Amino acid sequence: MLEVDISRRFGDFPLHVRFTAETGLTALFGRSGAGKTSLINLLAGLERPDGGRIEIDGHVLFDASEGVDLPPQKRRLGYVFQESRLFPHMSVLGNLSYGMRLRPASERHQDFHQVVDMLDLKPFLDRRPKTLSGGEKQRVAIGRALLASPRLLLMDEPLASLDAPRKNEILPFIERLRDEANLPIVYVSHALDEVIRLADTLVILSEGRAVASGSVEQIMSRLDLRPLTGRYETGAVFSAAVVAQDDTFGLTELAFAGNRLLVPRLRMPEGTSLRVRIRARDVSLSLTPPADISVLNIFPGRIEEIGADGGPQADLLVDIGVPLIARVTRKSLHELDLKPGKKVYALVKAVAVDRPSLGQRGTEIRS
Amino acid sequence: MTSMVARTAGAAWRRTDWRSWANGWTLGTMAIALAVMVPVIAVITLAFNPSDDIWRHLASTVLPMYIGTTLQLMVGVGIGTFMIGVGSAWLVTMCRFPGRRVFEWALLLPMAVPAYVIAYVYTDILEYAGPLQKGLREIFGWTGKSQYWFPEIRSLGGAVSMMTLVLYPYVYMLSRAAFLEQSVCVLEASRVLGRGPWRSFFSVALPLARPAIVIGVSLVLMETLNDFGTVDFFAVNTFTLGIFDVWLNMNNVAGAAQLASLLLLFVVALIFLERFSRRKQRFHHTTTKYKALPGYRLAGTIGALSFAACFIPVLLGFLLPSGVLAAYAVTYFEDAANPAVLAHAANSVMLSSLAAVLAVAVAIFMAYGVRIKGGKVLKAVARLASMGYAVPGSVLAVGVIVSLASLDNAVDGFFRETFGISTGLLFSGTIAAVTFGYLVRFLALSYGTVEASLSKVTPNMEGAARCLGHGPFSTMRRVHVPLIKSSVLTAAILVFVDCMKELPMTVILRPFNFQTLATFVHQYASDEQLGEASLAALAIVGTGILPVLFLSMAITRSRPGHGRQGEVS
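The listed protein sequences correspond, in order, to chains G and U.
The first sequence begins at 0 in numbering that gives the first Met the number 0 and counts up by one.
The second sequence begins at 0 in numbering that gives the first Met the number 0 and counts up by one.
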């Protein structure tokens, strides 16, 4: 477990962050300028905090009061940078083994061949970094960090400099890394879809502070955090499992909290566990169960909370067994007289649940 | 319809105006390039058409010694400049210790001192009758040379030390630029992968800077081959000295030419090494992301050692020699500041200015010709023409003498036949000969500088001027020249300073009884009259500081994000 409580002043920007990261993937989410990269550099030891303490699995990496400040090379934290930062004068193999060779065999917890297989690096072991694509470089960088057998892996927006196709090409590798490498990961990002897809725990950074932390489901169903997660992206996240395939119409049926959700076909075996995000703007509300309507997913529920700030629209937290956020106009709010405690039907178009809104959990992916 | 008209008009404009002009530029550039290459061609031609069989004679007598000594000198200077240059560059770039900011530029200072000047000064200090040995004898009560051992400065080792002390700044400068450029990001990557600063230096920083270091060392070695003053004074039998010896003492021009063309093989190898590394350098670019440098803090003993490591080269390469010269200049002021020295200085300034103006004008013409005409051939020709910097002055001197002699003979023959009068030696042994030699050797300096700045003027600007009705020449005068003015000035100063310091060609090509500061210092100091020559030597060193200032300014500006604004990331 990683325990962080540090502060540092950058010019007139104070950073004071406190959070813990358990096993699995912890995402540090925030807008640019929130202090994400600075924080990760402080963790890695590339910059020095003014005060506080960093501890991982009982090893103190930094403690201002005890005068402990391990240099980066002693911290055993793997770091995957935004740009791959491969060594241009070495082959891929040279890069991969760079950190590994220093580690005594007894301390190595990553097997070279397994990592190479997992990241599919075999085809370019002999090549030079300059001949690789952006996505391939980033996979090598992940492998390089992993093979140094770190106690924890820091990833600083590893997909930020890649275009959308490259991103989708590498996301499954990170999912595998999370599920197979058995290593806590701290993942910095400002892209909510990545975070929802990958993270177990979410820490929201804003203006140099960790303003909220918890499971992705918890954080995403909090209406008060909408300004930080981005209005457009607002939407509840919950877990579901594949229960059936409808071959006739090309649909997949997911089960969650006693409900069924139909989505466009997912090529996944039954039983696969998924994380689903349903954007607030894709949810409509009705007071009576609608008939003769194209919408396939209709969930009875109860209004829990209403977030309205005087603008033309309002977000409502609806309990349908799991929290769901619906976004309606203030006009509808008024005309339907929607209030907390009122019973409603939430309508979700099946086609609104697209691939980026789905993250796979815990099983091998074949996409 | 309109587009048709425009296209026809464009084609006509191109045909009538552009083409004919371009041909003028092409021919001019070719002619200049050819003229500049003549001396080297002359040397090679002469070497392969010997009047008698000197090859075998040379090979059986002096050649092995020349080759051996030259190689030893190169290896020694190469290792020395590598250690001092790379070491100090790393300390100054990556570490924080007392005096670092001063050393950043001070480490360049020894570049201002020609090797022969430093050699005279150290000989004066370290020889048997010098103050150091005298002092030691007094302290320990020794009476003769046999009672103690003291390193002989006039030796191969002495020459290696002298050249190392004044040439390491080339390696320093280039490796520092490489360290600054290679972005600290990959070093961070190395550190989080578990390697400390030392290991990161050897496994990442050094290999990445290798092309730049190789360029620096090959420039150093070119200068080493060029040196005449030091090896002559120390009687170290290198190729350069051999050429002079065979030529002047044995009176054998063809033999000198043969030695010179053998020496050219060394040069070709160095040029190849340099070009190859330059090409490689491009692939070693790491990332475009720059951050403030880590600044390993060095305090206590390590800080003191780092300070010493940077201070000693500056002390021995600049402070001590110029201090000694200054002291001499004060003591022997009346001898040193005589009107003759002023006349020599005037000669130096006149020659160097002439060469600087000429080199810059030719460089602008060539760079512009290559730019508007482009083409692989023209580019290759221009590059060949700017290879003179690699050719040792001794070789060029032979080439210039030989080619001007045949020109004189041809002109003389022509006039004799046509008009029945003898013109004698028109060019040989004149200021024109010296200036031509300077031009050949230093054209690369001006051409490189002008070309680099010209390439920053975008073709769009040129297009705009051309569309507004200006021809190529007018465009050059009204658009390019104002834009590249400061680089042109830099180029002129670089050439000027190098001409002021130049010794081997000046000694040979100068008119009879004509002295420059360099030849004067050489002559007097060789006669152990350093006092009389001190002011002149000091003047040379003083001029040499000018480009050092330019370089140190350029080097700090070269890195984006370097300096104060880079501290917050």
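By construction, the Cβ of each residue, glycine as well, lies at the ideal position given by its N, Cα and C atoms.
Since we're looking at a predicted model, the values are computed, not measured.
Just how far apart, CA to CA, sit residue i and residue j?
| i | j | result |
| --- | --- | --- |
| N569 of chain U | S59 of chain U | This structure cannot speak to residue 569 of chain U, because chain U is shown only from 0 to 568. |
| Y289 of chain U | R84 of chain G | Annotation note: pLDDT 48 at Y289 of chain U (below 50); position unreliable, coordinate value reported separately. Taking the straight line from one Cα to the other gives about 12 Å. |
| D49 of chain G | S160 of chain G | 31 Å |
| R126 of chain G | V91 of chain G | 6 Å |
| K375 of chain U | V369 of chain U | 9 Å |
| E46 of chain G | G299 of chain U | 22 Å |
| E21 of chain G | A163 of chain G | 30 Å |
| A88 of chain U | V185 of chain G | 37 Å |
| F364 of chain U | W24 of chain U | 8 Å |
| A615 of chain U | W246 of chain U | Any property of residue 615 of chain U remains undetermined from this structure, which presents chain U solely from 0 to 568. |
| E252 of chain G | L224 of chain G | 30 Å |
| L548 of chain U | V496 of chain U | 12 Å |
| A354 of chain U | Y437 of chain U | 6 Å |
| G322 of chain U | V230 of chain U | 23 Å |
| G44 of chain G | D116 of chain G | 30 Å |
| A606 of chain U | I83 of chain U | Nothing can be reported for residue 606 of chain U, as the shown portion of chain U is limited to 0 through 568. |
| L297 of chain U | Y127 of chain U | 40 Å |
| T200 of chain G | S212 of chain G | 7 Å |
| Y65 of chain U | G98 of chain U | 42 Å |
| V79 of chain G | G142 of chain G | 9 Å |
| L314 of chain U | V91 of chain U | 16 Å |
| G541 of chain U | L516 of chain U | 12 Å |
| S347 of chain U | A111 of chain U | 16 Å |
| V139 of chain G | F172 of chain G | 11 Å |
| P130 of chain U | F227 of chain U | 26 Å |
| L41 of chain G | P311 of chain G | 42 Å |
| S366 of chain G | L444 of chain U | Residue placement at S366 of chain G is poorly supported in this model, since its pLDDT is 33, which falls under 50; the coordinates still yield a value, given next. Looking at the two C-alpha atoms, the distance is approximately 59 Å. |
| H34 of chain G | E187 of chain U | It is Gly, not His, that sits at residue 34 of chain G in the sequence shown. The alpha-carbon atoms of G34 of chain G and E187 of chain U are separated by roughly 19 Å. |
Should residue i be labelled buried (16 or more other beta-carbon atoms within 10 Å of its own) or exposed?
| i | result |
| --- | --- |
| R7 of chain G | buried |
| N225 of chain U | buried |
| R477 of chain U | exposed |
| N296 of chain G | buried |
| W141 of chain U | exposed |
| D314 of chain G | buried |
| A10 of chain U | Here A10 of chain U scores only 44 on pLDDT, less than 50, and its place in the model should not be relied on; the value that follows carries that caveat. Result: exposed. |
| M154 of chain G | buried |
| Q72 of chain G | buried |
| D336 of chain G | exposed |
| P128 of chain G | buried |
| N512 of chain U | exposed |
| A339 of chain U | exposed |
| Q81 of chain G | buried |
| Y121 of chain U | buried |
| K372 of chain U | buried |
| S37 of chain G | buried |
How close, in whole Å, do the beta carbons of residue i and residue j come, if the pair is a contact with beta carbons under 8 Å?
| i | j | result |
| --- | --- | --- |
| L350 of chain U | T434 of chain U | 7 Å |
| Q137 of chain G | P157 of chain G | 6 Å |
| I124 of chain U | V361 of chain U | Incorrect: roughly 42 Å between the Cβ atoms, too far for contact. |
| C309 of chain U | F102 of chain U | 4 Å |
| L197 of chain G | L24 of chain G | 5 Å |
Assess, as a yes-or-no matter, whether the segment 325-341 of chain U is touched by the segment 168-188 of chain U under the definition of 3 or more beta carbon pairs within less than 8 Å. No: fewer than three Cβ pairs fall under 8 Å.
Taking contact to mean 3 or more Cβ pairs, one atom from each stretch, closer than 8 Å, check whether the segment 101-114 of chain U and the segment 161-172 of chain U are in contact. The answer is yes - the segment 161-172 of chain U touches the segment 101-114 of chain U, with three or more Cβ pairs under 8 Å.
Should the segment 205-218 of chain G be regarded as contacting the segment 253-273 of chain G, the criterion being three or more beta carbon pairs within less than 8 Å? Contact check between the segment 205-218 of chain G and the segment 253-273 of chain G: fewer than three CB pairs, one atom from each, fall below 8 Å, which does not count as touching.
If contact is defined by three or more beta carbon pairs under 8 Å, each pair taking one atom from either stretch, is the segment 94-112 of chain G in contact with the segment 191-198 of chain U? Because the criterion of three Cβ pairs below 8 Å is met, the segment 191-198 of chain U and the segment 94-112 of chain G touch.
Minimum length 4: unbroken alpha helix (DSSP H) runs contained in the segment 153-191 of chain G: Those alpha helix (DSSP H) runs which fall completely within the segment 153-191 of chain G and span 4+ residues are 163-179.
To test your reading of the DSSP string, which unbroken alpha helix (DSSP H) runs of 4 or more residues are found completely within the segment 29-74 of chain G? Secondary structure remark: continuous alpha helix (DSSP H) runs of at least 4 residues inside the segment 29-74 of chain G, in chain order: 35-43 and 71-74.
Ignoring anything shorter than 4 residues, give me the alpha helix (DSSP H) runs that lie fully in the segment 296-337 of chain U, in order along the chain. Here the runs fully enclosed are 299-313, 319-330 and 332-335.
Could you say if the segment 375-389 of chain U and the segment 474-492 of chain U meet the contact criterion of at least three C-beta pairs nearer than 8 Å? Verdict: no, contact absent.
Please list the segments of the alpha helix (DSSP H) lying wholly inside the segment 52-112 of chain U, counting only runs of 4 or more residues, in order along the chain. Segments of the alpha helix (DSSP H) lying fully in the segment 52-112 of chain U: 53-59, 62-93 and 99-105.
Which runs of the alpha helix (DSSP H) fall wholly inside the segment 194-229 of chain U and span at least 4 residues, in chain order? Along the length of the segment 194-229 of chain U, whole alpha helix (DSSP H) runs at least 4 residues long occupy 196-199 and 205-225, reported in chain order.
Starting from the N-terminal side, write out each stretch of the alpha helix (DSSP H) that is 4 residues or longer and does not extend beyond the segment 423-509 of chain U. Every alpha helix (DSSP H) of 4 residues or more that sits fully in the segment 423-509 of chain U is shown, in chain order, as 430-453, 458-466, 471-474, 480-500 and 503-508.
Taking contact to mean at least 3 C-beta pairs separated by less than 8 Å, is the segment 240-256 of chain G in contact with the segment 317-325 of chain G? The answer is yes - the segment 317-325 of chain G touches the segment 240-256 of chain G, with three or more Cβ pairs under 8 Å.
Any 3 or more C-beta pairs closer than 8 Å across the segment 259-271 of chain U and the segment 199-208 of chain U: These segments do not touch.
Inspect the CB distances between the segment 235-253 of chain G and the segment 54-61 of chain G and report whether three or more fall short of 8 Å. The answer is no - the segment 54-61 of chain G does not touch the segment 235-253 of chain G, with fewer than three Cβ pairs under 8 Å.
Using 8 Å as the Cβ pair cut-off and three pairs as the minimum, do the segment 214-224 of chain U and the segment 66-79 of chain U touch? Cβ pair count under 8 Å is three or more, so yes.
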